[in-house]
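S.K.: Chains as they are written, first to last, in our numbering: chain Y, 2 to 371; chain Z, 99 to 254; chain B, 1059 to 1215.
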Amino acid sequence: MRKLQVFLGPQHPGAPGNVAFLLTLDGERILDVDLIPGFLHRGFEKMMEYRRWDMDLVMSARICVEDPDHVELSYTHAMDQIFGVDPPERAKYARTIVAEFSRLASHLLWMMHFAGPVAARYATSWAIAAREEVLKWFDYVAGHRIYHHYIYPGGVRWNLPKDLKERTLQVLDRVEGLVRDMERGFFLHPVFQRRARDVGRLKASDAVRLGATGPVLRGSGVAHDIRKALKYDAYGMVDFEIPKGEYGDAYDRAMVRLREMYVSIGIIRQAVQQIPEEGPYRWRLPMALPPGEGVGRVESARGEFMTHIVSTTEKPGGRPLEPYRIKFRGPTMAHLTTVLKHIVHNEEITVADFPVVVGSLDPCPPDIDR
Amino acid sequence: MVLKLLGLGFRYLLRRPYTRLYPYKEPPFTTERTRARHLLYMDRCIGCRACQLACPADAIKMYKIEGEWPKNRLKIFPGVDYSRCTYCGLCVEACPTSALVMTDYTMEHLITEDKSTTLYTPEMLAEPPKGEHRVTFTKDLLKPPPQPPPKKGGGG
Amino acid sequence: MKGADTGRRIEVEVEPSQLRERLRRALEEGYDHFIGINVVDYPRAGVMEVYYFVESVQRGGELLVVKLRVPRENPALDSVSDIYPLAEYQEIEGHEFFGLDFRGNGSLRKWILDENWEGPPPLRKDVDTRKFVLETYYGGQRYERPKQEKSLQEVVE
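(1) Helix, strand or coil: how does DSSP classify His108 of chain Y here?
(2) Does the region 205-216 of chain Z come within contact of the region 140-159 of chain Z, defined as at least 3 CB pairs closer than 8 Å?
(3) Which residues bound the beta strand (DSSP E) around His136 of chain Z?
(4) On the criterion of 16 or more Cβ atoms from any shown chain inside 10 Å, does Tyr233 of chain Y qualify as buried, or is it exposed?
(5) What does a CB cutoff of less than 7 Å around Ala272 of chain Y pick up in its chain, not counting 5 residues either side in sequence?
(6) Along the chain, where does the beta strand (DSSP E) that runs through Leu1135 of chain B open and close?
(7) Which term fits Ile147 of chain Y, buried or exposed, when burial requires 16 or more other beta carbons within 10 angstroms of its beta carbon?
(8) Please state whether the Cβ-Cβ distance between Phe8 of chain Y and Leu23 of chain Y is less than 8 Å.
(9) In the region 338-349 of chain Y, which residues sit with their C-beta less than 8 Å from some C-beta in chain Z, listed in chain order?
(10) Compute the Euclidean distance between the alpha carbons of Tyr1147 of chain B and Asp1136 of chain B, then round it to the nearest angstrom.
(11) Does the beta-carbon distance from Phe235 of chain Z to Val190 of chain Z come in below 8 Å?
(12) What residues in the region 288-312 of chain Y bring their beta carbon closer than 8 Å to a beta carbon of chain B?
(13) When you compare the CB of Gly145 of chain Z with every CB in chain Y, is at least one pair closer than 8 Å?
(14) What in chain Z is Cβ-close to Val86 of chain Y, meaning under 7 Å?
(15) Which partner residues does Gly1094 of chain B have in the DSSP bridge list?
(16) Helix, strand or coil for Phe241 of chain Y? Go by DSSP, reduced to three states.
(17) According to the neighbour-count rule (16 or more other Cβ atoms, all chains shown, within 10 Å of its Cβ), is Pro17 of chain Y buried or exposed?
(18) May I have the straight-line CA-CA distance separating Ala100 of chain Y from Glu166 of chain Z, to the nearest angstrom?
(19) For Pro1180 of chain B, decide whether its Cβ has a neighbour in chain Y, counting only Cβ atoms nearer than 8 Å.
(20) Between the beta-carbon of Arg1150 of chain B and the beta-carbon of Arg1167 of chain B, is there less than 8 Å?
(21) For a contact meaning CB atoms closer than 7 Å, what does Leu106 of chain Z contact in chain Y?
(22) Please classify Tyr153 of chain Y: does DSSP put it in a helix, a strand, or coil?
(23) Any idea what DSSP makes of Gln12 of chain Y, helix, strand or coil?
(24) Where do the ends of the beta strand (DSSP E) carrying Glu348 of chain Y lie?
(25) State whether the region 196-214 of chain Z contacts the region 224-233 of chain Z, with contact taken as three or more CB pairs (one from each stretch) at a distance under 8 Å.
(26) What does a CB cutoff of less than 6 Å around Met1059 of chain B pick up in its chain, not counting 5 residues either side in sequence?
(27) Report buried or exposed for Gly251 of chain Z, applying the criterion of at least 16 other Cβ atoms within 10 angstroms of its Cβ.
(28) Residues in the same chain with beta-carbon distance under 7 Å from Val345 of chain Y, minus the five sequence neighbours each way, listed in chain order, please.
(29) Which two residues bound the contiguous alpha helix (DSSP H) that contains Arg254 of chain Y?
(30) With a Cβ-Cβ cutoff of 8 Å, do Phe188 of chain Y and Ala255 of chain Y count as a contact?
(31) Taking the CB atoms as reference points, tell me whether Val1108 of chain B and Val1128 of chain B lie closer together than 8 Å.
(32) Residues of chain Z with CB closer than 8 Å to the CB of Arg52 of chain Y, please, in chain order.
(33) How would you label Arg219 of chain Y, buried or exposed, when you count the other beta carbons within 10 angstroms and need 16 or more for buried?
(34) What residues from chain Y crowd round Tyr1089 of chain B, counting only those whose CB sits closer than 7 Å?
(35) For Leu198 of chain Z and chain Y, any beta-carbon pair shorter than 8 Å?
(36) With 16 as the cutoff for other CB atoms within 10 Å, does Ile1093 of chain B come out buried or exposed?
Okay, here's the thing in structure tokens:
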């Protein structure tokens, strides 16, 4: 047996973004996989120690390009704890709506990344068309398409527009129509089912042990969701279910994401109806950071996102404006190291199946590198 | 199944494309809140450097402009380096006199082939953009201004 | 906990020698989901604080934080990668960014910083990365903008 080492690099169309893999092959079969991160390391954690806390919010969005609002949300939660404020009611709903739209946009982008390697090009363009609607909604509420900086410590950055309800429901109807078409045309398609069924199985006990979160964990049949468990922001006030899979293969994970899109649409519909018409949208916070510690955990589109912020008066010179240390924990590191290794070691994965397995884990490499 | 899918695909064939025919037929998509190129009201600026200190990308620097500026004793005004600006809008929020605002004249219009022209001096910022634009992001968007949080009475 | 309830957690402080024992007990208690390791550097006190975040899926996402202090001079502690598999990679991160030595973790190496950084562990508080980068990679020269036709007198900060 001759082993072959192949570098599946960041520019390979089957690679999920700015990350590379070192594959050890025996013929077609992958025996081992090593992750090579670092192509997108920008040193955000150190940069943030040099900058004021409101500037750090702007930087935090750049940690995960595809799902920026959840990074902002977890940063904001940690900051709220340090300042000891509870956001106003209206801001809680606004945060929920924005975060769910971000999840929708992220899942639609995943759909595009995933349908490409499976060679369903039509689904790729439908997903992008639906995402375009979401991005236009973001432009209308937050002023930008990709990096919104809308969720802000103490509330949201500015008030929601007056015609929010009508406009949002309109956008949701259009997106839902496209997602329904995608379901019929891609997810329930027999070719896709044959391609993704029984590929990359992950048992429930292994998923928990290896540190998988989000749709990967739920695809294995563990109904664990931080939104439901901690009921942060307005998630305690809306009614939603946690979709979960059965076998834990690539197809189950894909279906969990599809159903999560419907769940997100449902949550936004309820939140838009329930949001209070009047009331403050943000509390004004002091410039100086009080000493303290905050942990913000949110359920991002890919799994659990945690921000740990420590603020001290360690640095001489009076009131600190910069946090002392910020740590971001993204969900992708677990998925691309322990989970992927486990799948490859326990199952016959060929090079042709590799993009399907990696795609079904929905990696966002920037949150490994940061 | 196959026929259904063919029908579904056919429906999409007849739809209008989602892409915009930028730049020849349509302008870039903007809304009433789009944050893009700044506009500087030089008569309102007091030269306090709040925008410079608030900029996370170090895009703003202050420049001295000679002239009669009754409000601005130091005669310094912000200039934005658009090769660095991320359009986050923190400078507009920081400005105490609403001298700096943002328009929806997007970065697509600011595209240039010459790297050395991306620095917009205060005079260039004070001049409204040549194309069609509207002032989108001002401090009016932050109305009513945020108040300090209420003091919590026991138990949180 | 004040503020939003995402920060609810149980904090335990242990000695470095008790770490493995405490985390093994945590696993038995149902904290089966490893989240991450955070390191905070305190140069004035001469210590580094290491935080282990462990979550319990069975108990509805309860968070346990195990905190310990190691001396800055000789920052060595036991690896827990055999208890929680994900800890192996989080420990690599602690090693390359803070220079921590996790005894028993065989794969400590430069991982994210591989080929990107030749120098002291960058996230330590006494390492000024901006100065280091300027001196090492840019030869002391700051990046300057190309000269613009309209030359202006820049206000000196």
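We put the CB at the ideal spot given by N, CA and C, even for glycine.
Just so you know, these numbers come straight off a predicted model, no measurement behind them.
M.R.: The structure says:
(1) Residue mapping note: residue 108 of chain Y aligns to position 107 of the first sequence, counting from 1. If DSSP states are grouped into helix, strand and coil, His108 of chain Y belongs with the helices.
(2) no
(3) By 1-based counting over the second sequence, the position of residue 136 of chain Z is 38. Counting along the chain, the beta strand (DSSP E) containing His136 of chain Z begins and ends at 136-138.
(4) Here residue 233 of chain Y refers to the residue found at position 232 when the first sequence is read from its first residue. Result: buried.
(5) Position 271 of the first sequence, counted from the start, is the residue given in the question as residue 272 of chain Y. The residues are Tyr94, Thr97, Ile98, Ala235, Val239.
(6) As a position in the third sequence, residue 1135 of chain B is number 77, starting the count at 1. Segment 1134-1136, the beta strand (DSSP E) holding Leu1135 of chain B.
(7) Walking along the first sequence from the start, residue 147 of chain Y turns up at place 146. Answer is exposed; the Cβ neighbour count stays below 16.
(8) Along the first sequence, one-based indexing puts residue 8 of chain Y at 7. Along the first sequence, one-based indexing puts residue 23 of chain Y at 22. In this structure, Phe8 of chain Y lies near Leu23 of chain Y, with their beta-carbon atoms less than 8 Å apart.
(9) none
(10) Numbered from 1 along the third sequence, position 89 holds the residue referred to as residue 1147 of chain B. Numbered from 1 along the third sequence, position 78 holds the residue referred to as residue 1136 of chain B. Taking the straight line from one Cα to the other gives about 14 Å.
(11) Looking up residue 235 of chain Z in the second sequence gives position 137. Looking up residue 190 of chain Z in the second sequence gives position 92. Taking 8 Å as the Cβ cut-off, Phe235 of chain Z and Val190 of chain Z qualify as a contacting pair.
(12) Gly295, Val296, Gly297, Arg298, Val299, Glu305, Met307, His309, Val311
(13) Position 47 of the second sequence, counting from 1, holds the residue named residue 145 of chain Z. Against chain Y, the CB of Gly145 of chain Z has no partner CB under 8 Å away; the residue lies outside that interface.
(14) Start at 1 with the first residue of the first sequence, and residue 86 of chain Y comes out as number 85. By Cβ distance, chain Z contributes Pro247.
(15) Looking up residue 1094 of chain B in the third sequence gives position 36. Paired residue(s): B:Phe1111.
(16) Counting from 1 along the first sequence, the entry for residue 241 of chain Y is found at position 240. DSSP places Phe241 of chain Y in coil when its eight states are reduced to three.
(17) Along the first sequence, read from residue 1 onward, the residue named residue 17 of chain Y stands at position 16. Buried, since its Cβ has 16 or more Cβ neighbours within 10 Å.
(18) By 1-based counting over the first sequence, the position of residue 100 of chain Y is 99. By 1-based counting over the second sequence, the position of residue 166 of chain Z is 68. Straight-line Cα distance between these residues: approximately 49 Å.
(19) Residue 1180 of chain B sits at position 122 when you count from the first residue of the third sequence. So yes, Pro1180 of chain B belongs to the interface.
(20) Position 92 of the third sequence, counted from the start, is the residue given in the question as residue 1150 of chain B. Position 109 of the third sequence, counted from the start, is the residue given in the question as residue 1167 of chain B. Note that residue 1150 of chain B is Ile in the sequence shown, not Arg. Yes; because the gap between Cβ atoms is below 8 Å, this pair is in contact.
(21) Stepping through the second sequence from its first residue, residue 106 of chain Z is reached at position 8. Within 7 Å Cβ-Cβ: Asp182, Arg185, Gly186.
(22) As a working mapping, residue 153 of chain Y is identified with position 152 in the first sequence. Note: Tyr153 of chain Y maps to strand in three-state DSSP.
(23) Within the first sequence, numbered from 1, the residue matching residue 12 of chain Y stands at position 11. Three-state DSSP puts Gln12 of chain Y in coil, outside helix and strand.
(24) On the first sequence, residue 348 of chain Y is found 347 positions in, with the first residue counted as 1. Neither: Glu348 of chain Y is in no beta strand (DSSP E) and is coded neither H nor E.
(25) yes
(26) Working through the third sequence from its first residue, we reach residue 1059 of chain B at position 1. With a pLDDT of 38 at Met1059 of chain B, under the threshold of 50, the modelled position of this residue cannot be trusted, and the question is left open.
(27) As a first step, residue 251 of chain Z must be located in the second sequence, where it is residue number 153. Interpretation of Gly251 of chain Z is limited by its pLDDT of 45, a score under 50 that renders its predicted location unreliable; the figure taken from the coordinates is listed afterwards. Looking at its Cβ environment, which holds fewer than 16 other Cβ atoms inside 10 Å, Gly251 of chain Z is exposed.
(28) Mapped onto the first sequence, residue 345 of chain Y falls at position 344. For Val345 of chain Y, where only same-chain residues beyond five positions count, the Cβ hits under 7 Å are Ile31, Asp33, Val34.
(29) The residue you call residue 254 of chain Y lines up with position 253 of the first sequence. Note, Arg254 of chain Y: alpha helix (DSSP H), 251-275.
(30) By one-based count along the first sequence, residue 188 of chain Y stands at place 187. By one-based count along the first sequence, residue 255 of chain Y stands at place 254. Closer than 8 Å, so yes.
(31) As a working mapping, residue 1108 of chain B is identified with position 50 in the third sequence. As a working mapping, residue 1128 of chain B is identified with position 70 in the third sequence. Val1108 of chain B is a Cβ neighbour of Val1128 of chain B, given a cutoff of 8 Å.
(32) Numbered from 1 along the first sequence, position 51 holds the residue referred to as residue 52 of chain Y. Residues of chain Z passing the Cβ test: Pro154.
(33) Sequence index remark: in the first sequence, residue 219 of chain Y carries index 218 (1-based). Buried, because 16 or more other Cβ atoms sit within 10 Å of the Cβ of Arg219 of chain Y.
(34) As a first step, residue 1089 of chain B must be located in the third sequence, where it is residue number 31. Within 7 Å Cβ-Cβ: nothing; Tyr1089 of chain B doesn't reach chain Y, min ~11 Å.
(35) The count along the second sequence starts at 1 and reaches residue 198 of chain Z at position 100. So, not an interface residue.
(36) Residue 1093 of chain B sits at position 35 when you count from the first residue of the third sequence. Buried, because 16 or more other Cβ atoms sit within 10 Å of the Cβ of Ile1093 of chain B.
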